[in-house]
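So the structure is just underneath, and the comments pick up after that.
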Amino acid sequence: MDKRAFAEKQEPVITGELVREMRGYLESGPDAPDWATHYSIHDDPPLNAGGRQGKSRFRVDIEFERVGTGPRPRLQFEAKRLNSSTNHTVAGYLGVDGLGCFLSGRYPLTHGEAGMLGYVQSETEESWAEQIGARLDAEAEAFGTVPPSLAAKRIATGLDHTWISQHRRGLELDLMLVHHVLLRFAD
0 MDKRAFAEKQ EPVITGELVR EMRGYLESGP DAPDWATHYS IHDDPPLNAG GRQGKSRFRV
60 DIEFERVGTG PRPRLQFEAK RLNSSTNHTV AGYLGVDGLG CFLSGRYPLT HGEAGMLGYV
120 QSETEESWAE QIGARLDAEA EAFGTVPPSL AAKRIATGLD HTWISQHRRG LELDLMLVHH
180 VLLRFAD
């Protein structure tokens, strides 16, 4: 995947191609890692929650599903562009249609983890992470942020710009762990 070819693309285009590439990796036969047989990936699946039906259901950008018999935990990711020249900023990444989808319960979780994908189209992954962390600190009560607001955490080989944050959600104050993955789609 030529990341630079997506420097100006909209989020659904990037997400669709990213899922296509990930599926290709998971389905690459003998070259696929052993764990690949246990997961499937879904692009823009509808969610059966919140009393919505049919086409009015909420849709998460990417969902990883553990397959097999028994419970099927799903790790859902909401994706947002990060491009200051097109006004795709931290406000959108952390807003009601970004991280807010998980914090509000709009996207139901099968376990206490979720993910945010930031498609970096300007500046650096580090500068965006600093802005995200600063906003989570400054508005810790609104985001239910548990210190540290954003901690570096490698979640997979080859993903160099990954962080985690923890948040209290709802009246029961359940803890939710959010994986933040910033992917470069620019020079």
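Letter by letter, the sequence shown follows residues 0 to 186 in numbering that gives the first Met the number 0.
Backbone N, C-alpha and C define an ideal beta-carbon position, used for all residues, glycine too.
Computed from a predicted model, the values in this text were never measured in an experiment.
Inset, instruction - May I ask which residues mark the beginning and end of the alpha helix (DSSP H) holding Q52? - result: Segment: none, Q52 is in no alpha helix (DSSP H) and carries neither H nor E.
Legend entry - Proximal residues to D186 (C-beta, below 8 Å), its chain only, five neighbours per side dropped: R3, A6
Legend entry - Span separating the alpha-carbon of P72 from that of V95: 24 Å
Legend entry - Span separating the alpha-carbon of V89 from that of W127: 8 Å
Inset, instruction - Check each candidate in L181, T36, Y24 and name the one with the smallest Cα separation from L116. - result: L181
Legend entry - Coarse secondary structure for K79, derived from DSSP in three states: strand
Inset, instruction - For the stretch 47-57 and the stretch 29-39, state whether three or more C-beta atom pairs, one from each stretch, are separated by less than 8 Å. - result: no
Inset, instruction - Measure the C-alpha to C-alpha separation of F142 and V177 and round it to an integer number of angstroms. - result: 12 Å
Legend entry - Residue range of the unbroken beta strand (DSSP E) whose run includes Q165: 161-168
Inset, instruction - Whole angstroms is fine: what's the gap from I131's alpha carbon to E26's? - result: 34 Å
Inset, instruction - Let me know the secondary structure DSSP gives G28 once reduced to three states. - result: helix
Legend entry - Per-residue DSSP class, three states only, for F57: coil
Inset, instruction - State the Cα-Cα distance for the pair I188 and L98, rounded to the nearest angstrom. - result: Look at the range of the chain in this structure, 0 to 186, and you will see that residue 188 is not part of it.
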